[in-house]
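> Handing you a structure now.
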Amino acid sequence: MDWDNLGFGLTPADYMYTMKCSNDYFEKGRLSRYGKIELSPSSGVLNYGQGLFEGMKAYRKEDGQLVLFRPDQNAIRLQTGAERMCMPSPSIDQFIDAVKQTALANKRWVPPPGKGSLYIRPLLVGSGPILGLAPAPEYTFLVFASPVGNYFKEGLAPLNLYVEDEFHRATPGGAGGVKAISNYAPVLKAISRAKNRGFSDVLYLDSVNKKNLEEVSSCNIFILKGNIISTPATSGTILAGITRKSIIEIASDCGFQVEERAIPVDELLEADEVFCTGTAVVVAPVGSITYRGKRIEFKTGAQSVSRELYSTLVGIQTGLIKDNKGWTVEI
Ligand code: COI
């Protein structure tokens, strides 16, 4: 492996984990070589998009020990999403056990310290056959993994975001607040349009007032003004990011006032800094945001608050900073 040039491309690790569910009962899961899966053409996921995914990372510490970051939070979020999508979900213990087994079976794919992480992708899908619109009769919980580096091709350099005001990511009452697979394909058009114009990703506005910040296609958003850090409240259309939640806690511990609220797009004009958070993205500084033809620029760099938050979070995740919060789980 060329550990120095890891991006976010797929390099499938050797093993995946599969656990099937029928009649609300998850049978014992098992590891197998990574490979194709058999799926009925009439499965719920292929026909009606009944599926959820999670994203999490395993890191290798300086002493060689492997660690997961807050896996219980992914397990809980999957359960919340499963309830919304009418699916049964693994218990927290089943979920964590599956993720641990997958990470350990693939330990040779966890990059050396400081070079990246093993991205772990749990999926829960309606795999049973169905024709009329209804919950699938069977489900499959699957976990695969790939070593990764930085999510954006910019690496750790600042992102240039484009505020989208034609397409929306989520609507009130929809499933934007959970990690449904169906939330992701509809943003591809907006992303590819923005990328063709040289932007890194798209920042969405709320679909009712077309005024308040929602999130970026692949991550949550934060703005900093003075000592106040704000992020859109998770009121149903915003994904409850685990990195988002962790950064809120770290920023509060660092003495910032953190507000979860509606943020009108006009506030970008006043912001000192803007940054994104997510499992894949970690904490990414935003250098500029373009809205209705106007480009607004923000502070980035070694002295920025986003860099301080990034270093603290990654320090905890990789064992360089003592984890007083019980967020890391050694495996
Ligand atoms: C993650 O951050 O883990 C995600 O699921 C976002 C995805 C678009 C890569």
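For the sequence shown, position 4 (counting from the first letter as 1) is numbered 1173 according to my numbering, and the numbering increases by one without interruption. Glycine is no exception: its CB is placed at the ideal position from the N, C-alpha and C atoms.
Can you grab the Cα-Cα spacing for the pair residue 1324 / residue 1172, in whole Å?
Numbered from its first residue, the sequence shown carries residue 1324 at position 155. Numbered from its first residue, the sequence shown carries residue 1172 at position 3. Rounded to whole angstroms, residue 1324 to residue 1172 spans 14 Å at the Cα level.
> For residue 1336, which residues does DSSP report across the bridge?
For the purposes of this step, residue 1336 is identified with residue 167 of the sequence shown, where counting begins at 1. Residue 1336 pairs with nothing; no bridge assigned.
> Helix or strand or just coil, what does DSSP make of residue 1295?
Residue mapping note: residue 1295 aligns to position 126 of the sequence shown, counting from 1. Residue state, collapsed to three classes: strand.
> Is residue 1180 near the ligand COI - that is, is its Cβ less than 7 Å away from at least one heavy atom of it?
Working through the sequence shown from its first residue, we reach residue 1180 at position 11. Residue 1180: no, Cβ never under 7 Å from the ligand COI.
> Under the three-state reduction of DSSP, which class applies to residue 1401: helix, strand or coil?
Against the sequence shown, residue 1401 aligns to sequence position 232. Looking at residue 1401 - three-state DSSP - the assignment turns out to be strand.
> Which one or two residues does DSSP pair with residue 1289 in a beta bridge?
In the sequence shown, residue 1289 corresponds to position 120, counting from 1. Partner(s): 1225, 1314.
> To which residues does DSSP link residue 1423 through a beta bridge?
The residue labelled residue 1423 in the question sits at position 254 within the sequence shown. For residue 1423, which the question treats as bridged, DSSP gives no partner whatsoever.
> List the DSSP bridge partners of residue 1158.
An answer regarding residue 1158 cannot be provided, because it is not within the stretch 1170 to 1500 covered by the chain.
> For a quick check, are the C-beta atoms of residue 1286 and residue 1227 less than 8 Å apart?
Stepping through the sequence shown from its first residue, residue 1286 is reached at position 117. Stepping through the sequence shown from its first residue, residue 1227 is reached at position 58. Taking 8 Å as the Cβ cut-off, residue 1286 and residue 1227 qualify as a contacting pair.
> Anything with a beta carbon under 5 Å from a heavy atom of the ligand COI counts; list them all in chain order.
Those residues are 1224, 1387, 1447, 1448, 1449, given in chain order.
> Could you give the DSSP three-state label for residue 1284: helix, strand or coil?
The count along the sequence shown starts at 1 and reaches residue 1284 at position 115. It is coil, neither helix nor strand.
> What span of residues does the alpha helix (DSSP H) with residue 1360 cover, start to end?
Position 191 of the sequence shown, counted from the first residue, corresponds to residue 1360. 1357-1365 is the span of the alpha helix (DSSP H), which, as asked, contains residue 1360.
> Would you mind giving the Cβ-Cβ distance between residue 1182 and residue 1275, rounded to the nearest angstrom? I have them listed as a contact below 8 Å.
Position 13 of the sequence shown holds residue 1182. Position 106 of the sequence shown holds residue 1275. Yes, they are in contact, since the Cβ atoms of residue 1182 and residue 1275 sit about 4 Å apart, within 8 Å.
> Closer than 6 Å by C-beta to residue 1179: which residues in its own chain qualify, once you throw out the five before and the five after it? Chain order, please.
Against the sequence shown, residue 1179 aligns to sequence position 10. 1315.
> From residue 1343 to residue 1284, what does the alpha carbon distance come to, in whole angstroms?
Here residue 1343 corresponds to residue number 174 of the sequence shown, with the count starting at 1. Here residue 1284 corresponds to residue number 115 of the sequence shown, with the count starting at 1. Those two C-alpha atoms are separated by around 38 Å.
> Can you grab the Cα-Cα spacing for the pair residue 1428 / residue 1248, in whole Å?
As a working mapping, residue 1428 is identified with position 259 in the sequence shown. As a working mapping, residue 1248 is identified with position 79 in the sequence shown. About 26 Å.
> Which residue's Cα is closest to the Cα of residue 1434: 1202, 1331, 1341?
Along the sequence shown, one-based indexing puts residue 1434 at 265. The residue with the shortest Cα to Cα distance from residue 1434 is 1331.
> Looking at the ligand ZN, does it come within less than 7 Å of residue 1313, judged from the CB to the closest heavy atom?
In terms of ligand content, the structure shown lacks the ligand ZN and carries the ligand COI instead.
> Do the stretch 1358-1367 and the stretch 1410-1420 make contact, defined as three or more Cβ pairs closer than 8 Å?
Because the criterion of three Cβ pairs below 8 Å is not met, the stretch 1358-1367 and the stretch 1410-1420 do not touch.
> Under the rule that 16 or more other beta-carbon atoms within 10 Å means buried, what is residue 1139, buried or exposed?
Beyond the ends of the chain as shown, which are 1170 and 1500, falls residue 1139; an answer cannot be given.
> CA-CA distance, residue 1356 and residue 1186?
Counting from 1 along the sequence shown, the entry for residue 1356 is found at position 187. Counting from 1 along the sequence shown, the entry for residue 1186 is found at position 17. Whole-angstrom Cα-Cα distance: 29 Å.
> What does DSSP give as the partner residues of residue 1269 in its beta bridges?
Translated into the one-based positions of the sequence shown, residue 1269 becomes position 100. According to DSSP, which records beta bridges pairwise, residue 1269 is partnered with nothing at all.
> Considering only the beta carbon of each residue, do residue 1345 and residue 1250 sit closer than 8 Å?
As a first step, residue 1345 is located in the sequence shown; it is residue number 176 there, counting from the start. As a first step, residue 1250 is located in the sequence shown; it is residue number 81 there, counting from the start. No, these two residues do not count as a Cβ contact at 8 Å.
> According to DSSP, is residue 1353 part of a helix, a strand, or is it coil?
Stepping through the sequence shown from its first residue, residue 1353 is reached at position 184. DSSP places residue 1353 in coil when its eight states are reduced to three.
> To the nearest angstrom, report how far apart residue 1378 and residue 1453 are at their CA atoms.
Counting from 1 along the sequence shown, the entry for residue 1378 is found at position 209. Counting from 1 along the sequence shown, the entry for residue 1453 is found at position 284. C-alpha separation (whole angstroms): 27 Å.
> DSSP three-state call for residue 1463: helix, strand or coil?
What you label residue 1463 is simply residue 294 of the sequence shown in a count that begins at 1. Here residue 1463 sits in strand by DSSP.
> Between the stretch 1256-1270 and the stretch 1479-1494, can you find at least three pairs of beta-carbon atoms closer than 8 Å?
Touching, no, given that fewer than three Cβ pairs across the two stretches are closer than 8 Å.
> Bridge partners of residue 1391, per DSSP?
Counting from one through the sequence shown, the residue named residue 1391 turns up at place 222. Answer is 1444.
> Nearest by alpha-carbon distance to residue 1327: which of 1278, 1224, 1211, 1458 is it?
One-based indexing of the sequence shown puts residue 1327 at position 158. Considering only alpha carbons, the answer is 1458.
> Tell me the rounded alpha-carbon separation between residue 1277 and residue 1373.
Counting from one through the sequence shown, the residue named residue 1277 turns up at place 108. Counting from one through the sequence shown, the residue named residue 1373 turns up at place 204. Roughly 38 Å separates the two Cα atoms.
> What did DSSP end up calling residue 1453 once you bin it into helix, strand or coil?
Residue numbering aside, residue 1453 sits at position 284 when the sequence shown is read from its first letter. Reduced to three states, the DSSP call for residue 1453 is strand.
> Determine the closest residue to residue 1296 out of 1217, 1229, 1224, with distance taken between C-alpha atoms.
On the sequence shown, position 127 is the one that residue 1296 refers to. Per the Cα distances, 1217.
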